[in-house]
Amino acid sequence: MPHQPLVLEHDLLTIGDGDPLLPQLLHAINHATEIEIAVSFIQPSGLDLILPAVIEALERQEIQGYPLKLRILTSDYLHITNPIALRSLVALNGLNVEVKIFETHNHSFHMKSYIFVRTNKNNTFFQGSAFIGSNNISKAALTSAHEWCIRYDYQEPNTSKEAKQFNIIRDKFNDIFHHPSAAELTDEWIDHYIKIRQKPKLIAVSDNSVIDDEPFTPNSTQVEALKLLVSTRNEGNKRGLVVLGTGMGKTWLSAFDAKQMNAKRVLFVAHREEILTQAFNTYAKLWPEKTSGYYHGKTKEQHKDMLFASVQTLGRETHLSRFEPTHFDYIVVDEFHHASAKTYRNVIDYFTPKFLLGLTATPERTDQANILSLCHDNLVFERNLVHGIDRKILVPFHYFGIWDEYVNYEEIPWRNGKFDPAALDAQFATQKRAKHIFKHWQKHQQSRTLAFCISQKHADFMADAFNIAFRAQGLKAVSVHSNSEVRRNEALSQLDKGEIQVIFSIDLFNEGTDLPSIDTVLMIRPTESNIIFLQQLGRGLRLHENKKHLVVLDFIGNHKSFLNKQEVLGIPLSSTGKPSSKASEAAPKLGEGCHVNIDPKATDFWQKLANEYRSTALEDFANLEAHLGHRPSAAEFYRSNYQDISKTGHKVNKQNKSWFGLVAKKADEELLKETISTHNDFLYNGIQTTSMTKSFKAILLEAFLELDGFRFPPPIEKLAEKSWYVLSAYPYLKETELPSKEQTLTATDKKWVTYWRGNPIRAFSTANKSSNSTWFVVENGRFKANFELDETHIETLHDLVKELVDFRLAQYTDRKQSSKTSKTKEEQVDNLGNTTDNIVQLPYYPNIKIACGHFKTGHHDSCEMMEVDIHNVVPEKHFLARASGNSMNGGKNPIHDGDLLLLEAVTPTSAGSITGNTMAIEMQDESGDNQYLLRVVEKKDGNYWLKARNPDYKTIPTNESMRTFARLKQVLK
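In the working numbering, the protein residues as written are 342 to 1314.
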């Protein structure tokens, strides 16, 4: 393949007249093997434009085994160079990278040169280009300011006039780079520069285009979150979770919070280097006084004030041991939905900062369940995309759910919560499907499209298919991945300028990419995870001039995993299978200006799934597993619909003997099944269903696990001390559970050891009435398990116990908080028995008659708001309708004709167990009208029946046309 030229064919560049220098520089960076830059001034705004390309070039050349050589020289002339930019540059220092600062000592320094060389490994090819002119590194100078720049090109043979000129330029650069006044750029140099720097005055430079002077301030949502973060720390919380929708500024929020806490040392943890780089630049901009560095596979700068670490590297024990547990004051774990992975847990469990902040854009409580436990069940702040859209922080979206008619997903193997990639490739790369996609894209697209594909092969195929269709239109599509000819930064720049119309990619743009001008997102791959779906959606929600909304084209197939789209987008379904804003209000509302249009074939398929009753715990488990994309934890199962598996009568325990009995039925791992079989009695009776009038048993077990107690039984004093710290991580529990005098005790106080020995150590090591055995004993002053332990089981048992402890603490914390809320409400009732703030407006459907007899025809096209005085209801989830008839007029709680019913809308994934509950049933008559019935759901011989409370009415069987759409909460008198 012929070598691509370093630059485009121009000799003279005149900035400000439609011919900026930036595209030339990016093109040269993307194809160079040596880069040499000397400029008087560097500003963050300009460095931000070229740094991604430089970093990508460094990574690319390293992977190819042919390292990029980079030399940069700038100056301290007039103190114009911004220390923020210098912090980003010093992070580049390393093998084959040199960054220097020319110390002017009141002398002038006006160099502006950019030199690029391209060679091959054997040095049999040589090409060079040099740009000499007036352009410093600032946004204005590289894009819009009036600048002049001459380009000198050189290509073998080196006897030409151009070659001699090019070699002179390189020699002169080499001379100035090795000048005695050219000092190595270090953190120490920047620290000194910040102390002595006097902010330059515009009169000194006669041009404000070279100076960045924009303050960094939080937006309104971030201000709210920052106040709550201060409050939660004042309450004693050491950890907290913040849920902030994609594009609403999670990284900036964490930086603002670290600074308002005045942390001495900050650790920012993520799983991708691109996220770390962007976080580095964010923190450096806000806090240039602090040194910043990376800790990942290539660089390990552990002594920096602010460290940006790859979890894959830092999460290893050999790396963690290099730090003291208290080394960092403030730790940020970004994309916290990954935090249940072992590498993340290693980091979280090892360090003891003053505060740990978990950040995620996860959409709902089910997805938060497991990670919330890692933050001690402390959800500090939550704002989703709807809030961002309503507050004009994000643009609204117009969503089109298009039926993926040329792929039969039911024929594609489903493994571990995902479709088989090879089988997907075979069905995706077809001309019929490509034409189907292009037709809908052409109909709805705007100007700049980012498309998400399943593989490199799929991305290449789709780019080729679109380019064939584009031939007559003069348009262009490209595929971008690790092996593509077009670089990521280059493609984004071309898309931004309108030189290409579509980028087909895999997952390079899921997280961290920020191109505000994207106005169309094309989803042509299944996104099994709600989190990934929202990340991809969020790529186009950034504000941009002349961008009124985002168009989302999502191709929906015939598989249960696609039902998640209905929940995430907030699309309630009517009994006809069509989107309805009236029939169900269980799902969240769309943001202002958002629209959803679903292909009828997709809603028909959704309705088919919605009408399938799930009766067993195994079906609940499988549905949640498909929803999450991984095996649900006990806490996730609990929070999916508050399924309290601590109750012995719960169907999980009735049908499977225990939670882990259910897990074992789905498990493939023999060691897991063997460990569960051996220790199921302890797991079930000792933890899952044990009585907890206080949280102390769970706190004790948490401390026991942190001390690796199954391997090394801890002394009572050590266990009590660790328990004190664990309990302190739950300040609300500590305040409400401990007597006032015990709250003043320290972790090593003898009175604390005595108190903790009395409860819960004695409770766990004393036989109860129903059993002569105990799960733990105290021997020789140590607390140890009172059952046989196989060494091969210990690690797995540790993880299983931890999972149940997380569940019990989540359940207990919810119960305590609910009690707290109820008590607060009771205190607000005045002496006359009237409440002052329980009035809430709920949707009331006057034409829906919930029949207490036979099915009653009704309509949901009329809705009004009705004020009711009641606790713990929300209009997004609860609604009102009238009873009609007398079939439920019986038993302890009769329902009379005309009674006002409070109902809770349910969806297929939130309905939970319906057996024994009074449910509102919906079906259609022969004319297509909706009919509604209220009955108690019973199950006999594997079939569902609808039972009336009034014995004069017969029990009737269910059929496939019926669906549960709401649960009766109470009758309002």
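Quick reminder that beta carbons are idealized off the backbone N, C-alpha and C, glycines included.
- The DSSP assignment places complete beta strand (DSSP E) segments of no fewer than 3 residues inside the stretch 612–660 at 633–636 and 647–651, in order along the chain.
- In terms of Cβ geometry, L483 and L362 form a close pair [threshold 9 Å].
- Contact between the stretch 1148–1158 and the stretch 1039–1053 is present: three or more C-beta pairs spanning the two stretches fall below 8 Å.
- Within the same chain, Cβ atoms closer than 6 Å to the Cβ of C935 are found at P737 and F738, the five residues on either side in sequence being excluded.
- Three or more beta-carbon pairs separated by less than 8 Å link the stretch 474–481 to the stretch 440–457, which places the two stretches in contact.
- Counting along the chain, no alpha helix (DSSP H) covers W489; the unbroken beta strand (DSSP E) around it starts and ends at W489 to Q496.
- K683 sits exposed, since fewer than 16 C-beta atoms from the chains shown fall within 10 Å of its C-beta.
- For the set T1256, I537, A1289 and T592, the Cα lying nearest the Cα of N560 is the one of T592.
- The continuous beta strand (DSSP E) containing Q1311 extends over residues R1304 to L1313.
- Here G387 has I478, S479, K480 and L483 as same chain residues with Cβ atoms under 6 Å from its own Cβ, once five neighbours each way along the sequence are excluded.
- Taking each of F382, E1245, I396 and Q365 in turn and checking the Cα distance to R492, the smallest one comes out for Q365.
- Counting other Cβ atoms within 10 Å of its Cβ, N1300 stays below 16 and is therefore classed as exposed.
- Taking the Cα of D1049 as reference, the smallest distance to any Cα among L1068, S1114 and Y691 is reached at Y691.
- Here N994 is buried, its C-beta having at least 16 other C-beta atoms within 10 Å.
- DSSP places H728 within a helical segment (H, G or I) once states are collapsed to three.
- Setting aside the 5 residues that flank it on each side, S858 is surrounded in the same chain by R789, D837 and H885, each with a C-beta closer than 6 Å to its C-beta; the list follows chain order.
- Between F793 and R866, the C-beta gap is smaller than 9 Å, which places the two residues in contact.
- Scanning its chain for C-beta atoms nearer than 7 Å, with the 5 sequence neighbours on each side dropped, one finds around I753 the residues F760, D761, A764, L765 and Q768, in chain order.
- A distance of 9 Å or more separates the beta carbons of G586 and H372.
- The three-state secondary structure of F807, taken from DSSP, is helix.
- A Cβ-Cβ separation of about 20 Å leaves E658 out of contact with A611 under the 8 Å criterion.
- Shown here, F1053 sits in coil according to DSSP, grouped into three states, outside any helix or strand.
- Here S1106 has T1115, F1117, V1118 and V1119 as same chain residues with Cβ atoms under 6 Å from its own Cβ, once five neighbours each way along the sequence are excluded.
- The beta carbon of S416 sits closer than 7 Å to the beta carbons of S381, T422, I442, F443, T445 and F450 from its chain, once the five residues preceding and following it are set aside; these are given in chain order.
- Shown here for T1016: same chain residues with a beta carbon closer than 8 Å to its own, the five before and five after excluded, namely H1134, T1137, L1138 and L1141 in chain order.
- Taking the Cβ atoms as the reference, F845 lies roughly 5 Å from S820, within the contact range of under 8 Å.
- In this structure, DSSP gives A394 a helical state, which the three-state scheme calls helix.
- The Cβ atoms of M1229 and N1291 sit closer than 9 Å to each other.
- By the 16-neighbour rule on beta-carbons within 10 angstroms, E1144 is buried.
- Runs of the alpha helix (DSSP H) lying entirely within the stretch 747–802, each at least 4 residues long, are 762–769 and 772–785 in chain order.
- Just so you know, the alpha carbons of K631 and R774 end up roughly 53 Å apart.
- Relative to K1288, the option among G1239, L1241 and G1232 whose CA is nearest is G1232.
- In this structure, the straight-line span from the alpha carbon of A471 to that of A800 is close to 35 Å.
- Looking at I1236, E977, L726 and A963, the one whose alpha-carbon comes closest to that of L875 is L726.
- According to the DSSP assignment, R580 belongs to the beta strand (DSSP E) that extends over R580 to L585.
- Burial of E377 is indicated by the presence of at least 16 other C-beta atoms within 10 angstroms of its C-beta.
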